[in-house]
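Number of protein chains: 2
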Amino acid sequence: MKIAIVGVGLIGGSVAITLREKKIAEKILGVDKHEGNLQKAVQLGLVDEGVPLEAAISRCDIIFLTLPVDAILKLLPSILDQVDNQVVIDMGSTKERILQSVADHPKRGRLVAAHPMAGTEYSGPEAAIHNLFKGKMMVYVDATNSDEDAFEAADAITEHLEMHTTFMNAREHDIHTAYVSHISHITSFALALTVLEKEKSQGRIFELAGSGFESTVRLAKSSPDMWTPIFKQNRENVLEVLQEHIKQLQHVHHVLNTEDYDAFYRLIKKSNKIRRILK
Amino acid sequence: MKIAIVGVGLIGGSVAITLREKKIAEKILGVDKHEGNLQKAVQLGLVDEGVPLEAAISRCDIIFLTLPVDAILKLLPSILDQVDNQVVIDMGSTKERILQSVADHPKRGRLVAAHPMAGTEYSGPEAAIHNLFKGKMMVYVDATNSDEDAFEAADAITEHLEMHTTFMNAREHDIHTAYVSHISHITSFALALTVLEKEKSQGRIFELAGSGFESTVRLAKSSPDMWTPIFKQNRENVLEVLQEHIKQLQHVHHVLNTEDYDAFYRLIKKSNKIRRILK
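One line per chain: the protein sequences are A and B, in this order. Taking the working numbering as reference, the numbering of the first sequence is continuous, increasing by one, and the terminal residue is 279. Taking the working numbering as reference, the numbering of the second sequence is continuous, increasing by one, and the terminal residue is 558.
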């Protein structure tokens, strides 16, 4: 099987590593508008060669879109225009606007919208790692709009990536990711900014930063090129959850300000219920 | 050397593990008002026996206070009353109020105020682990108020724990920890509450929770018994940083609401500077 990876970064590169390891791909072609990324991806052995998008589409059986979501939105209609029986797998982090943009496309059935809930705070081909997807969740979005054979081909790959699977519609997907992924990034960005700002006046504040701080702030290392378009496309859901989160923080502030320590205790106790979710 | 661990939880238990491994302690006595904790600590081999506080003080050379900070505040004066030449090491997470409470105590010199910047989101004797402190930072607070021999004895132990060291006064310590530790816990509590609340209406929202979410929310598993007193004692500093953090989040909200994506991009880019701090 010939595989195209359009966008040879963390996600695309990590897909390539597994498909090569498992000998699923007889050939892997890389596409990237950044020539440097493409060269690195070839050097690292992630892809066999770098080619233009059109060549990748015509020469491959499966085309992975592992690009920032603004690029997916822009390229997807013309990619489907060029598709015959190939399968296009969109791995972007937002779905509603992207899927709306090709809702009436005659080749919509060749597209499988899938979001692997896996990643790190790093980006680019050097960030690609073994087993990034193993044991993680692949979310299929509006799966009934894909041709059966296209879906089966994508799902076979998900199995090779050793992922669990779930199904939802685009609207649900975008709301849920706002709550369990996008907001986490915003809290990390804001926490980093708060502390970096304070460092200016207080100096050596980071000497005391332990693993708790690192854990809550590590997502602030995430790429603005990848994340700005995600927030743009999922703006309304993110605004809603951000509003609610600010309200929660204002409540914490109020409880502490009024020295209602019983309420503070109950508030922590209630948040402990997250133990049910996390391992 | 005989060692007393007053409060046999995550921190006290982890100190005990290392001191026993390195054969520093010929005997380790445990003190805990929760009889169950004490029994567990003996069963786990963290301490040799459980004894009352008074017995631990009179029989030991070094007394570790690894208790919630409200208990330290309450017990410290009477502990110093009972001390002759022993060294008392206070390992609490706040310092200003605790040190004020014994500022004029005739035995103040026997006290070494130290805060190991190490921990996990778990608590109790079962949470104690090997190498919890290795490579982490030990902050000595108001060290010049300790007798030289008391400080040297404490510092020898810090060396056995394989920690780095730094010095600051109580006020600096409490401000810095508000920024790089206490606020991280509040953002995690609030994030957990935000998402747990949404789950009630949206259902299976956590299916999509990946490692990013887990990382930002894991501190919400922290014990309310330990953390409520910390926020009580460090209330003013925490209120200040929380206010600033809410302002940052409101700014993010504003930028997204007005669709100023250039500003949003710059904001992420700026927060990326945290890379300088984190490994």
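Don't be surprised by glycine CBs; every beta carbon is placed ideally from N, CA and C.
Item, Value
"Counting only C-beta atoms, is B/G489 closer than 8 Å to chain A at any point?", "yes"
"Using a beta-carbon distance below 8 Å, is A/R171 in contact with chain B?", "no"
"Select from B/E519, B/I436, B/A469 and B/K552 the residue whose C-alpha is nearest the C-alpha of B/V391.", "B/I436"
"Are there three or more Cβ pairs, one per stretch, closer than 8 Å when the stretch 262-275 of chain A is compared with the stretch 494-512 of chain B?", "yes"
"Do A/I274 and A/V238 have their C-beta atoms within less than 8 Å of each other?", "no"
"Measuring CB atoms only, is the stretch 282-294 of chain B touching the stretch 333-353 of chain B, in the sense that at least three cross pairs come out at less than 8 Å?", "yes"
"Is B/Y458 closer than 8 Å to A/I79 when the C-beta atoms are compared?", "no"
"Under 8 Å between C-beta atoms, does B/N516 make it to chain A?", "no"
"What first and last residue would you give for the alpha helix (DSSP H) that runs through B/L521?", "R514 to N536"
"If the criterion is Cβ atoms closer than 8 Å, does the pair B/T495 and A/L219 meet it?", "yes"
"What are the start and end residues of each continuous alpha helix (DSSP H) run of 4 or more residues lying completely inside the stretch 375-409 of chain B, in chain order?", "375-380"
"Scan the stretch 213-237 of chain A for residues whose Cβ lies nearer than 9 Å to a Cβ of chain B and list them as they occur along the chain.", "F213, E214, S215, T216, V217, R218, L219, A220, K221, S222, S223, P224, D225, W227, T228, P229, F231, K232 and R235"
"For B/V381 versus B/P356, is the C-beta distance shorter than 8 Å?", "yes"
"Can at least three beta-carbon pairs, one atom from the stretch 387-401 of chain B and one from the stretch 358-370 of chain B, be found at a separation below 8 Å?", "yes"
"Can you give me the start and stop residues for the alpha helix (DSSP H) that B/I547 sits inside?", "Y540 to S550"
"State yes or no: is the beta carbon of B/V471 nearer than 8 Å to at least one beta carbon in chain A?", "One detail in the question is off: residue 471 of chain B reads as Ala in this sequence, not Val. Yes, its Cβ sits closer than 8 Å to a Cβ of chain A."
"Where do the N-terminal and C-terminal ends of the beta strand (DSSP E) with A/K40 fall, by residue?", "Careful: A/K40 lies outside any beta strand (DSSP E), inside the alpha helix (DSSP H) at E35 to Q43."
"So what does DSSP say about A/M168, is it helix, strand or coil?", "strand"
"Does the separation of the CB atoms of B/L298 and B/H443 fall below 8 Å?", "no"
"Is it buried or exposed for B/P385, if we count other Cβ within 10 angstroms and need 16 for buried?", "exposed"
"At a CB distance below 7 Å, what residues from the stretch 545-558 of chain B approach chain A? Give them in sequence order.", "L546, I547, K548, K549, S550, N551, K552, I553, R554, I556 and L557"
"Can you tell me which residues form a DSSP beta bridge with A/I63?", "A/A4 and A/V88"
"Suppose the cutoff is 8 Å on Cβ atoms and the five residues either side in sequence are ignored; what does the same chain contact list for B/H455 look like?", "M447"
"So which residues of chain C does A/Y140 contact, with C-beta pairs closer than 7 Å?", "Looking for chain C here will not work: the only protein chains present are A and B."
"Which term fits A/K23, buried or exposed, when burial requires 16 or more other beta carbons within 10 angstroms of its beta carbon?", "exposed"
"Use the C-beta contact count for B/G562: other C-beta atoms within 10 angstroms, 16 or more gives buried, fewer gives exposed.", "Missing from the structure shown is residue 562 of chain B; chain B here goes from 280 to 558 and no further."
"Taking A/K27 as part of the beta strand (DSSP E), name the residues at either end of that continuous run.", "K27 to V31"
"Report yes if the CB atom of A/T194 is closer than 8 Å to the CB atom of B/E519, and no otherwise.", "no"
"B/E486 touches chain A at which residues, Cβ-Cβ below 7 Å?", "M137 and T166"
"Figure out for me which residue from A/I28, A/H130, A/G119 and A/I246 has the closest Cα to the Cα of A/A55.", "A/I28"
"Can you tell me whether A/V69 is helix, strand or coil according to DSSP?", "helix"
"Just curious, the alpha helix (DSSP H) that A/V195 is in, first and last residue?", "I183 to Q202"
"For A/V139, write down the residues that DSSP places opposite it in a beta bridge.", "A/H115 and A/T166"
"Take B/M396 and list the residues in its own chain whose beta-carbon comes closer than 6 Å to its own, dropping the five residues that flank it on each side.", "K415 and M416"
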